[in-house]
Every structure is written in C-alpha cells, then in structure tokens.
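Trainee: Mind having a look at this structure? Questions to follow.
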C-alpha cells in the first residue's frame, strides 16, 4: 500500500515537471517570435529610410565664390639695372645686413648719372614661408646709418639712405632731429619697392659696390629682400 502511494506521488511530480518544461518552451518560443517581429520591423524601417534617401537626388552644394589670391602690385624698377643683391638672413646682431652687390661694369666714357637704390620684399621666401611687413630704420648715429659704397671718379664714395627717399654723401639731419631713435621706411611683402635716389649726380666707374642696411620685420625672424642699383635716364 505504501509503495503504491509513493508511486502515485512520483507520477504526479513527473507530470508537474513536464508541464512546467512545456510552458517554459512555449514562453521561449513566444519571446523569440516577438524578437523576430521587432527585428523584422526595424529592418523594414531601415530599408524604407535607405530607399528614401538613395532614390532622392542629392541636394546641390552651395556655390562657393572663387576668390582670387591677393595679387602683387605691378612695379617697374626705374632706370637701367647695374647691380643687384639678394639679401637673406636673420640680420643679427642688430638686424644689420652687410655685403656686396654684383660687379658693376661701366662702358664708354664716364658721365654724371643719377643712381637709384630700390629695396623690395618678396611675399614668400624661397622655402615658401610667407613674410611679414619689414622696415628699414635710419639711425641718427653717425657711421651706423644705412648706406651704400660705390666706385666713382672721386674714389669709393659712401652714399647715405635718408627716410625722405634720397641718397646723399652727407647724412641728412633734417629727417633725424624729430626722432632720436631714427625714422623708418615700411616695406610691404609683394608690394611696391621703396626707392632712394641721389640728389647730386655721380660719375661711376667699373668696380664693386657694397651695402650696410638695418632691416627688421614684425616677427624678428629670418628675412629675404632684394636690393637693386639702377642708373636713371636723363
């Protein structure tokens, strides 16, 4: 009798466990079906969105005006070129540049001529670095002023640069008396050069010419500028 009772209990337990497992499987299947339905809906929505944007023509891009780069000012060096110098460096110490022009050759009988020194600054250095505004400073200290030395029938003559654009044998104190630190001339990169022209004619002979120039820029960095000597027409 006891054995029969235990057997009945075992059969009921097994039946209960089997029902629970079937219910779990049905619940899992239902969950999977729900998940598949959600994924299917999302996939269909994504397809609809892609079709909408793929089938539509792309919106035209806004028109961007082609703004030309700043052009350099056209500048014609006055007179006939007789010597040139390409000057580059840091200008230290004191931002002073000293050196020689190319050799000057004078043909025919020497005659009095007006000389022009033209200083110009390229917009970019040879390495492609953009240059900043430069200035040439005319110091009031005798012997330290900007000057060139050139061969003449009177010997090697020193001609001083004055801030009013003249070249003279004597330092012009008129440009210095108002400013104990000296006057300056600005040189714009890529712009028109600045000219210094002799007041009195000089009689040149073949030979070398040198320069002594105090130049700075706003960055106090490495600079490149050109110096050109010309003879002006009558």
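Numbering (the numbering used here), first residue to last: 274 to 507.
C-beta atoms are modelled at their ideal positions from N, C-alpha and C, and glycine is treated no differently.
1. Classify residue 386 as buried or exposed, calling it buried when 16 or more other Cβ atoms lie within 10 Å of its own Cβ.
2. Does the stretch 470 to 481 come within contact of the stretch 380 to 395, defined as at least 3 CB pairs closer than 8 Å?
3. Can you round the beta-carbon distance between residue 408 and residue 369 to whole angstroms, since I take them to be within the 8 Å contact cut?
4. Please classify residue 314: does DSSP put it in a helix, a strand, or coil?
5. Which whole-angstrom value describes the C-beta separation of residue 421 and residue 432, a residue pair presumed to lie in contact below a C-beta threshold of 8 Å?
6. Just the Cα atoms here: how many angstroms apart are residue 479 and residue 356?
7. Sorted by chain position, which residues of the same chain lie with C-beta nearer than 6 Å to residue 504's C-beta, five sequence neighbours on each side aside?
8. Starting from residue 481 and walking both ways along the beta strand (DSSP E), at which residues does that stretch end?
9. Is residue 405 near residue 462, with beta carbons less than 9 Å apart?
10. For residue 497, which residues of its own chain have a beta-carbon under 8 Å away from its beta-carbon, when the five flanking residues on both sides are left out?
11. Under a three-way DSSP split, which group does residue 382 fall into?
12. Which residue or residues does DSSP assign as beta-bridge partners of residue 428?
13. Taking Cβ positions, are residue 434 and residue 502 nearer each other than 9 Å?
14. Run the CB neighbour count on residue 320, radius 10 Å, all protein chains shown included, and call it buried at 16 or more, exposed below.
15. CA-CA distance, residue 375 and residue 423?
16. Can you list, in chain order, the residues of its chain with a C-beta nearer than 7 Å to that of residue 426? Leave out the 5 residues immediately preceding and following it.
17. With C-beta atoms as the reference, is residue 371 less than 9 Å away from residue 483?
18. Out of curiosity, what's the CA-to-CA distance linking residue 402 and residue 492?
Mentor: Checking against the coordinates, here is how it stands:
1. Reading the chain shown from its first residue, position 113 is the one you call residue 386. When all chains shown are included, residue 386 counts as buried.
2. These segments touch.
3. Translated into the one-based positions of the chain shown, residue 408 becomes position 135. Translated into the one-based positions of the chain shown, residue 369 becomes position 96. So it is not a contact: roughly 14 Å between Cβ atoms.
4. In the chain shown, counting from the first residue as 1, residue 314 sits at position 41. In the structure shown, residue 314 falls within a helical segment according to DSSP collapsed to helix, strand and coil.
5. Position 148 of the chain shown, counting from 1, holds the residue named residue 421. Position 159 of the chain shown, counting from 1, holds the residue named residue 432. About 5 Å separates the CB atoms of residue 421 and residue 432; that is less than 8 Å, so the two are in contact.
6. Stepping through the chain shown from its first residue, residue 479 is reached at position 206. Stepping through the chain shown from its first residue, residue 356 is reached at position 83. Each residue's alpha carbon lies about 11 Å from the other.
7. For this step, residue 504 is matched to residue 231 along the chain shown. Closer than 6 Å at the Cβ level, and outside the excluded window around residue 504, lie 352, 353, 355, 386.
8. Here residue 481 refers to the residue found at position 208 of the chain shown. It spans 475 to 490 - the beta strand (DSSP E) in which residue 481 sits, taken as one unbroken run.
9. Indexing the chain shown from 1 puts residue 405 at position 132. Indexing the chain shown from 1 puts residue 462 at position 189. For residue 405 and residue 462, yes; Cβs fall inside 9 Å.
10. Your numbering for residue 497 matches position 224 in the chain shown. Residues of the same chain with a CB within less than 8 Å of the CB of residue 497, apart from the 5 flanking positions on each side, are 359, 360, 361, 394, 395, 398, 399, 404 in chain order.
11. Position 109 of the chain shown, counted from the start, is the residue given in the question as residue 382. If DSSP states are grouped into helix, strand and coil, residue 382 belongs with coil.
12. Working through the chain shown from its first residue, we reach residue 428 at position 155. The partner list for residue 428 (beta bridge, DSSP) reads 425.
13. Within the chain shown, the letter at position 161 stands for residue 434. Within the chain shown, the letter at position 229 stands for residue 502. Taking C-beta atoms as the reference points, residue 434 and residue 502 fail to come closer than 9 Å.
14. Reading the chain shown from its first residue, position 47 is the one you call residue 320. Counting the other CB atoms within 10 Å of its CB gives residue 320 a total below 16, which places it among the exposed residues.
15. Taking the first residue of the chain shown as 1, we reach residue 375 at position 102. Taking the first residue of the chain shown as 1, we reach residue 423 at position 150. Taking the straight line from one Cα to the other gives about 12 Å.
16. Reading the chain shown from its first residue, position 153 is the one you call residue 426. If we look at residue 426 and ignore the five residues flanking it on each side, its Cβ neighbours are 383, 476, 478.
17. The count along the chain shown starts at 1 and reaches residue 371 at position 98. The count along the chain shown starts at 1 and reaches residue 483 at position 210. A Cβ-Cβ contact shorter than 9 Å links residue 371 with residue 483.
18. On the chain shown, residue 402 is found 129 positions in, with the first residue counted as 1. On the chain shown, residue 492 is found 219 positions in, with the first residue counted as 1. So the two alpha carbons sit approximately 12 Å from each other.
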